[in-house]
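I have placed the structure first, in the form of structure tokens, so that the comments after it can refer back to it.
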Amino acid sequence: MTHDSTALLEGDDRAPVVSLRGVSLSYGSNVVLRDVDLDFAPGRITALLGANGAGKSTLIKALSGANPRYAGSISVAGTEVALTSPTVARLHGISAVHQKVADGIVPGLTVAENVLLDNLAGARGVMRSRRRDLAAARRALALLGLDWSDRVLSQDARDLRISDAQLVTLARALRHTPRLLILDEPTSALTSAEADRLFDVLRALRADGLAIVYVSHRFGEIEALADSVVVLRDGTVQSHSPRPFEWNGILHDMLGRATELAQKREHVHRGGTVVAEVQGVPLFPEARPLSLTIRGGEVLGVLGLIGAGKSELAEVLGGLARPAGGSLTLNGAPYAPRRPGDAIAAGVVLVPEDRQRQAILPGWSITQTVSVPFLTESSRWGTLRRDLETDRAAAVVADLEVVTESVQTSTDDLSGGNQQKVIVGRWLSANPRLAVLDEPFRGVDIAARRGIGAHLNTLAQSGNAAVVFSSDVDEILEVSDRIVVLVAGEVALDGYADTLDRATIVTAFIGADTTPERTTA
Amino acid sequence: MSRTPPGNTTVVDRIRGGALDTVSAGIVRWGFVAVTVLLIGFFALTEPNFRTADNMFGMLKFIAPTAIAGLGVMLAMTVGGIDLSVGASAGFAVSIAAWTMVVGNQVGGVAVGVVLVGGALIGALNALLIVVARIPDLLATLTTMFVIVGLKLLIVDGKSISSQMTLADGSSAPGRFTPDFLWLDRGNIGPVPVPVVIFIALTVLLWFVLERTKWGRALYAVGANAEAARLAGIRVLLYRTAAYVGCGLLASVAGLLLAARIGQGDVSAGNSLLLDAMAVSLVGVSVLGMGRPNAWGTALGAVLIAVMVTGFTMIGLPYYAQDFGKGIVLLVALLFSFTFSRKRTVVVAGSMTN
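Chains A and B, in that order, are what the protein sequence lines are. For the first sequence, the positions run 692 to 1212 when our numbering is used. For the second sequence, the positions run 128 to 481 when our numbering is used.
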């Protein structure tokens, strides 16, 4: 499977737009990118795959000028360039759209100003003309086939839906007529219909001769979109393979061991005892009351789009928000947590949706991060016992196979997927009665996802309950025994995985199956 | 690496960079301790008076109120806040202690109790404004500062209170600064002056609470990411309240020491304390390279300033050169915290809201 990655792919005789030769990068003593040789051809979409911590983000940072401390050479159209800053990279025709959409949007500025943000940063044009800005923004958005009204363009960008914000950042990247466009998990916040719209745009851009680097954990997207797949593992290029993709080999390259892409649940468990019950709780003001039974012994997957009430339900269960009506029970007794601490004390833990904002403590070590919810358990007479803290952290790191030098490493230095493992692992270490996980697999690689899934299974098999909220059908299919589809705050479908087929679920989910079918190798 | 383009680092550079990182981390960690030791050594060699035990205790005694107020600011900083009212709280404590003893004719112990309750109430007021009314801490404590100063002036009719002073009705005030109160400044425990004992005891106490107990860890968690702390089950509002109340208490302890030192209820006491306390706690963030507010760093920052001020005075520099010196120390400290340190510095001075 491993090709000589420096060689151009057969049938791809076009001169590469961007070439990397011997690109290496390290943080301190930690080498995260090792001698990478890669070529990106015009009119080609190259998918970049790799487990968490494989070096994808670092490679993107080097390419986009965000980390100029790389060794080796990067050439654009045959000429060696020094990518010392994002601005320099843009001048050389390399634009990047980063994973976190929110970071690319400046609230308080209008949508049009956000599209033209790079102009505001530049020295030229001190005086702004609103009319000219609107025209320029409209031209930029037209490249994406979008025709937004002046009213939309003049509104505050903070009010944009996340998918539209994604399009704004894309329009901004395309304004510089780049030769290489880098997209880092562009669909992680999009619904499948929105993702499809994005794919159409990307195909059109490819036809215009743009080289695109596409980072994603979603194999279905890559199968639908990419012309070739580059696999990174431990900072080195494992393979660069053209279509048709041989997924088993790709997964092997990615994870260093044989893994099946589609994992059929061997045994769909049916839970017994009722752990928690939601009775007549409206998830948002105009929604009808929702009732749902959560049983021990099964993993419940709740599938819903953004706005379907997933996070609202997760927050009610986790004690973050009080239900607007109705009631909850836990183990048959009334359950009305007033704050997260009450929920935790009752044995209900919540892995929140937004890891950076809701779980990570900047600068804190793995041990300290793991320990935060368990300060009382880890202390005697109020004095913390380092040994107990370290034991718990070491167990979490071992259980979820967190890639780290030690438990004292700062979580800032971990990749996103490993951060997520630390957060999930710390909550599972509480042996919860009910574990609620809101979008736990966002930005998490397939191996980590399997690992987390297996742990949820174990939790369920000990008679406890696990609820996973996601907007990704495949994620839900993979981890759940029982599947509930949530639409507009109501249960649209409720059944066990072995009695439902994918089409039924997707139909309930969005009305029609518009996601590209997953490829089974 | 012949392919390395100009402007990029080579492998050799990076290895050298690694060594440099180690050196700079060492400087960040021990630089301030080294500077303090060097200064002490320099003054000890050049000034015979400097190296006496009396002077050493004198310096610590002199800086104790500043250091204790600085510990208060440090405590507010652990939850990501700031307290601009520490100077006003200390000044309030000075006048209230004097008023209780002189006008109220009470003994020192009562005065201490009244002052501590007052300090806790000021802290609670700050917490109320910040935690409940959701006013940003910088603005809330600025407001409190004015309110407290004004309240103090109203209580004492805008006058300094001294023992047996003449009151508004022409009579003589019944009380005076009692010896037990003055002991706070003039007493010794063994060879060590009382203010130094209090200073060191509070430093050790805060160090222990912050670094070794679950409550300290929770305070830091609130400061690092309040939302994450809340989701982990920490009572964020409770801890923020506790930090401000603690800060108010420490500021009033600083005020008690000042009152005992001055021996009268000087209305202008405490005015300069805010900036010094702030400087000391900010220096404390960078001392020892911890990158977060901490007790020993704050204490060491105070000692450094004490050494500097005393030494400068002894070698005959004018008093106004001291502020310049403090400014330089603070600048260097901030450079270490924010510019040279590779660690992320967790100080969100005055930008927190709920």
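Note that the Cβ used here is the ideal one computed from N, Cα and C, for glycine as well.
Proximity below 8 Å, CB of residue i to CB of residue j
{"i": "G343/B", "j": "D264/B", "result": "no"}
{"i": "V276/B", "j": "G218/B", "result": "yes"}
{"i": "G1010/A", "j": "P1031/A", "result": "yes"}
{"i": "Y761/A", "j": "L716/A", "result": "yes"}
{"i": "S766/A", "j": "S710/A", "result": "yes"}
{"i": "A194/B", "j": "V434/B", "result": "no"}
{"i": "V230/B", "j": "A300/B", "result": "yes"}
{"i": "L211/B", "j": "T268/B", "result": "yes"}
{"i": "I853/A", "j": "V906/A", "result": "no"}
{"i": "V1175/A", "j": "R1193/A", "result": "no"}
{"i": "Y371/B", "j": "T205/B", "result": "no"}
{"i": "L358/B", "j": "A1050/A", "result": "yes"}
{"i": "R796/A", "j": "L851/A", "result": "Looking at the sequence itself, residue 796/A is Ile, so the reference to Arg does not match. In contact: I796/A and L851/A (Cβ atoms closer than 8 Å)."}
{"i": "G411/B", "j": "S216/B", "result": "no"}
Coil, strand or helix - residue i by DSSP
{"i": "A1037/A", "result": "coil"}
{"i": "F731/A", "result": "strand"}
{"i": "V1158/A", "result": "strand"}
{"i": "Y447/B", "result": "helix"}
{"i": "R178/B", "result": "coil"}
{"i": "T1149/A", "result": "helix"}
{"i": "S287/B", "result": "coil"}
{"i": "A1086/A", "result": "helix"}
{"i": "V1176/A", "result": "strand"}
{"i": "Q1059/A", "result": "helix"}
{"i": "D1104/A", "result": "helix"}
{"i": "L1222/A", "result": "For residue 1222/A there is no data in the structure shown, the boundaries of chain A being 692 and 1212."}
{"i": "E354/B", "result": "helix"}
{"i": "H931/A", "result": "strand"}
{"i": "Y761/A", "result": "coil"}
{"i": "V922/A", "result": "strand"}
Residue i versus residue j - alpha carbon distance
{"i": "G418/B", "j": "E977/A", "result": "47 Å"}
{"i": "A1037/A", "j": "R1124/A", "result": "8 Å"}
{"i": "Q929/A", "j": "L923/A", "result": "6 Å"}
{"i": "A848/A", "j": "E804/A", "result": "9 Å"}
{"i": "P132/B", "j": "P707/A", "result": "Its pLDDT being 39, under 50, P132/B is placed unreliably by the model, and the measurement read from it follows with that caveat. Each residue's Cα considered, the two are about 19 Å apart."}
{"i": "L782/A", "j": "K752/A", "result": "16 Å"}
{"i": "P322/B", "j": "L1004/A", "result": "56 Å"}
{"i": "A773/A", "j": "P759/A", "result": "8 Å"}
{"i": "S845/A", "j": "V802/A", "result": "6 Å"}
{"i": "G134/B", "j": "E1092/A", "result": "Its pLDDT being 38, under 50, G134/B is placed unreliably in this model, and the value from its coordinates should be taken loosely. Computed Cα separation, rounded: 38 Å."}
{"i": "S748/A", "j": "R1048/A", "result": "20 Å"}
{"i": "I361/B", "j": "K341/B", "result": "11 Å"}
{"i": "V150/B", "j": "F467/B", "result": "11 Å"}
Cβ-based burial, residue i [other Cβ within 10 Å; buried from 16]
{"i": "Q291/B", "result": "exposed"}
{"i": "W938/A", "result": "buried"}
{"i": "D181/B", "result": "exposed"}
{"i": "K1001/A", "result": "buried"}
{"i": "R1096/A", "result": "The identity of residue 1096/A in the sequence shown is Glu, whereas the question assumes Arg. Result: exposed."}
{"i": "W226/B", "result": "buried"}
{"i": "G911/A", "result": "buried"}
{"i": "E1068/A", "result": "exposed"}
{"i": "T964/A", "result": "exposed"}
{"i": "V164/B", "result": "exposed"}
{"i": "N458/B", "result": "Note that residue 458/B is Leu in the sequence shown here, rather than Asn. With fewer than 16 Cβ atoms within 10 Å of its Cβ, L458/B is classed as exposed."}
{"i": "R1117/A", "result": "buried"}
Neighbour list for residue i in chain C, Cβ cutoff strictly below 7 Å
{"i": "I1035/A", "result": "Reference to chain C is not applicable here, since the protein chains of this structure are A and B."}
_Positions along the stretch 1038 to 1049 of chain A whose CB lies within less than 8 Å of some CB in chain B_ = L1041, P1043, R1048, Q1049
Listed in chain order, which residues of the stretch 876 to 889 of chain A have Cβ atoms closer than 8 Å to some Cβ of chain B? none
Practice task
Pull out every residue of the stretch 361 to 383 of chain B whose Cβ sits closer than 8 Å to any Cβ of chain A, in chain order.
Solution key: I361, R362
(request) Taking only beta carbons into account, state which residues of the stretch 776 to 787 of chain A come closer than 9 Å to chain B, listed in chain order. (result) none
**Request:** Select from the stretch 1057 to 1068 of chain A all residues with a C-beta closer than 8 Å to any C-beta belonging to chain B, and list them in chain order.
**Result:** Q1059, S1062, V1063, P1064, L1066, T1067
Would you list, in chain order, the members of the stretch 1099 to 1130 of chain A that have their beta-carbon closer than 8 Å to a beta-carbon of chain B?
D1103
If contact means a Cβ-Cβ distance below 8 Å, which residues of the stretch 294 to 317 of chain B contact chain A? none
- Message: Along the stretch 400 to 419 of chain B, where does the CB come closer than 9 Å to a CB of chain A? Name the residues.
- Response: G418, R419
With 7 Å as the limit, tell me which residues of the stretch 725 to 754 of chain A have their beta carbon closer than that to any beta carbon of chain B; keep them in chain order.
none
Select from the stretch 176 to 205 of chain B all residues with a C-beta closer than 7 Å to any C-beta belonging to chain A, and list them in chain order.
-> none
*Of all the residues that make up the stretch 850 to 870 of chain A, which are near chain B by a beta-carbon distance shorter than 9 Å?*
none
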